[in-house]
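A short write-up of the structure that comes next.
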Amino acid sequence: FGGCNKHELDIEKLSNKTAEELYNIGNTYKHNKKYEDAALAFEEVGNQHPYSKYVAKSQLEAGKCYFEMKKYAEAIAILETFIHTHITHENVPEALYILGNIYFNQMPLVQRDQAITVQSLEYFQVLCDGYPSSKYLSRAKEKIKILLQHLANHELKIGLYYQKLGNYTAAISRYNTIIEAYSTTEVSEEAYHRLVECYVSLDLLEEAAAVNIVLQKKHKNSKWAKYSNDLIKKYSNNTLDKHNIKFIVKE
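Numbered by our numbering, the letters in the sequence shown go through residues 2 to 252 in order.
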C-alpha cells in the first residue's frame with residue numbers, strides 16, 4: 002500500500018457538499034485505492050450530515066479503508082460505532098467479519114498471550130450465531146477452525162512445559178482445558194494421551210485407564226490411541242520406568 006496513503010484531499014473543499022456527494026467522493030478515492038482520502042471523505046458524511054441515510058454506509062466504508070491501510074485501531078473504532086448505532090443494518094455481518102479479520106491478522110505466536118486470538122474468535126462466533134444465513138458464514142467458520150486449533154496448541158505447549166517439569170497437576174489442568182474447550186481440534190487427540198502419561202507418572206492407573214478408554218472410543222485410529230494403549234500395557238506389566246515417560250513418545 003505504499004502509494005495508497007498519500008493524502009491529497011482538501012477537507013475544506015468538502016464543506017458545502019451533500020451527504021451523497023461526499024459518499025461518492027469517498028467511493029471514487031476508494032476505487033482508486035487512495036484509502037486515506039477515501040476514509041476522510043466517508044467520515045465527513047457523518048461529521049456534516051449526522052442524520053443522513055448515507056452515514057451508516059459511510060462508516061462501514063471508512064472502516065474498510067482503514068482496514069486496507071492496516072490502521073486497525075481506527076478501523077475497530079469506526080466499525081464498532083457502526084455496529085452499535087446500526088445494529089439492524091444489513092451490513093452488520095460484513096462489519097463483524099472485518100473486525101474478526103483485524104484480530105486474526107494480528108494473531109500472536111502460539112507461545113504468547115492469546116487475548117487477540119480470543120477476540121478474533123468472539124467476533125466470528127457472533128457472526129455465525131447471529132447471522133446464520135450470511136454470505137460470510139462459511140468463511141467465518143473456516144477462520145474459527147484455525148483459531149481453535151491455535152488456542153488448543155497454546156494450551157498444549159504450556160501443558161508439555163509443565164509435564165517436563167514434573168508439575169503434573171498443572172499439566173493435567175491444561176490438557177483438560179483442551180479436551181473441554183477444543184474437542185473438535187486434532188490437538189485433543191494428543192491431549193488425551195498426555196493425560197494418560199501424567200496419570201501414569203502419578204501412579205494413578207485407574208484414571209489413566211479411564212482416559213485411555215475415552216481416547217480409544219473417540220480416536221481409535223489415532224497414533225495417540227496406540228501410544229496410550231502401549232503405555233498402559235507397559236505399566237501394567239511393570240516394564241515401564243514411570244519417571245522417563247516423557248521420553249517414550251517424541252513430540
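Cβ atoms here follow ideal geometry from the backbone N, Cα and C, with glycine treated the same way.
Computed from a predicted structure; not experimentally measured.
Exercise for the section: Can you grab the Cα-Cα spacing for the pair Lys165 / Val188, in whole Å? Expected result: Taking the first residue of the sequence shown as position 1, residue 165 is located at position 164. Taking the first residue of the sequence shown as position 1, residue 188 is located at position 187. Taking the straight line from one Cα to the other gives about 18 angstroms.
Practice task
Inspect the CB distances between the segment 171-183 and the segment 131-145 and report whether three or more fall short of 8 angstroms.
Solution key: Segments in contact, no.
Exercise for the section: Ignoring anything shorter than 4 residues or poking outside the segment 89-164, list the alpha helix (DSSP H) runs there in chain order. Expected result: Within the segment 89-164, the runs of alpha helix (DSSP H) at least 4 residues long that lie entirely inside it are, in chain order, 93-105, 116-131.
Exercise for the section: Inspect the beta-carbon positions of Asn213 and Ser202 and report whether they are closer than 9 angstroms. Expected result: Looking up residue 213 in the sequence shown gives position 212. Looking up residue 202 in the sequence shown gives position 201. Taking a C-beta distance under 9 angstroms as the contact criterion, Asn213 and Ser202 do not qualify as a contact pair.
Problem - Start and end residues, alpha helix (DSSP H) containing Tyr52 - result: Start at 1 with the first residue of the sequence shown, and residue 52 comes out as number 51. Segment: none, Tyr52 is in no alpha helix (DSSP H) and carries neither H nor E.
Exercise for the section: Mind checking which residues open and close the alpha helix (DSSP H) that includes Gly27? Expected result: Translated into positions along the sequence shown, residue 27 becomes position 26. Taken as a continuous stretch (DSSP letters only), the alpha helix (DSSP H) holding Gly27 covers 20-32.
Handout entry: Run of the alpha helix (DSSP H) containing Asp231, from where it starts to where it stops
Key = Taking the first residue of the sequence shown as 1, we reach residue 231 at position 230. In this chain, the alpha helix (DSSP H) harbouring Asp231 covers 224-237.
Problem - Ser174 in three-state terms, based on DSSP - result: Here residue 174 refers to the residue found at position 173 when the sequence shown is read from its first residue. Of the three classes helix, strand and coil, the one that applies to Ser174 here is helix, per DSSP.
Practice task
Spell out whether any CB of chain D is found under 9 angstroms from the CB atom of Ala226.
Solution key: No chain D is present in this structure, which holds just one protein chain.
Practice task
Find out if the Cβ-Cβ distance for the pair Leu61, Glu95 is shorter than 9 angstroms.
Solution key: For the purposes of this step, residue 61 is identified with residue 60 of the sequence shown, where counting begins at 1. For the purposes of this step, residue 95 is identified with residue 94 of the sequence shown, where counting begins at 1. With contacts defined as CB atoms closer than 9 angstroms, Leu61 and Glu95 qualify as a contacting pair.
Problem - Through-space distance from Tyr104 to Gln120, alpha-carbon basis - result: Locating residue 120 in the sequence shown gives position 119, counting from the first residue. Locating residue 104 in the sequence shown gives position 103, counting from the first residue. Here the alpha carbons of Tyr104 and Gln120 stand approximately 7 angstroms from one another.
Exercise for the section: Take Ile100 and list the residues in its own chain whose beta-carbon comes closer than 7 angstroms to its own, dropping the five residues that flank it on each side. Expected result: Numbered from 1 along the sequence shown, position 99 holds the residue referred to as residue 100. The question names Ile, yet the displayed sequence has Leu at residue 100. If we look at Leu100 and ignore the five residues flanking it on each side, its Cβ neighbours are Ile77, Leu80, Tyr124.
Exercise for the section: Could you spell out the range, first to last residue, of the alpha helix (DSSP H) harbouring Ile12? Expected result: For the purposes of this step, residue 12 is taken as the residue at position 11 of the sequence shown. Counted as a single uninterrupted DSSP element, the stretch harbouring Ile12 is not any alpha helix (DSSP H), since DSSP gives it neither H nor E.
Problem - Coil, strand or helix - Thr186 by DSSP - result: Here the question's residue 186 lines up with position 185 in the sequence shown. Secondary structure of Thr186 (DSSP, three-state): coil.
Handout entry: Contacting residues, own chain, Cβ-Cβ under 8 angstroms from Pro109 (five flanking each side not counted)
Key = If you number the sequence shown from 1, residue 109 lands on position 108. Here the set comprises Gln115, Ile117, Thr118.
Practice task
Mark Lys251 as exposed unless 16 or more other C-beta atoms lie within 10 angstroms of its C-beta, in which case mark it buried.
Solution key: Here residue 251 refers to the residue found at position 250 of the sequence shown. For Lys251, the predicted model reports a pLDDT of 42, less than 50, meaning its position is unreliable; a value from the coordinates is still stated below. Lys251 is exposed by the Cβ-count criterion.
Practice task
Note down the Cα distance separating Leu148 from Thr19, rounded to an integer number of angstroms.
Solution key: Residue numbering aside, residue 148 sits at position 147 when the sequence shown is read from its first letter. Residue numbering aside, residue 19 sits at position 18 when the sequence shown is read from its first letter. Rounded to whole angstroms, Leu148 and Thr19 show a C-alpha spacing of 43 angstroms.
Handout entry: Endpoints, alpha helix (DSSP H) assigned at Lys35
Key = Here residue 35 refers to the residue found at position 34 when the sequence shown is read from its first residue. Run containing Lys35: none; DSSP gives neither H nor E here.
Problem - Boundaries (first-last residue) of the alpha helix (DSSP H) holding His85 - result: In the sequence shown, residue 85 corresponds to position 84, counting from 1. Looking at the DSSP string, the run of the alpha helix (DSSP H) that includes His85 is 73-86.
Handout entry: 7 angstroms Cβ shell around Ser135 - same chain, five flanking residues per side excluded
Key = Stepping through the sequence shown from its first residue, residue 135 is reached at position 134. Excluding residues within five positions, the ones whose Cβ falls inside 7 angstroms are Pro94, Leu128.
Exercise for the section: Report the option in Ser53, Asp231, Asn25 whose CA atom is closest to the CA atom of Leu41. Expected result: The sequence position of residue 41 within the sequence shown is 40, counting from 1. Nearest C-alpha to Leu41 among Ser53, Asp231, Asn25: Asn25.
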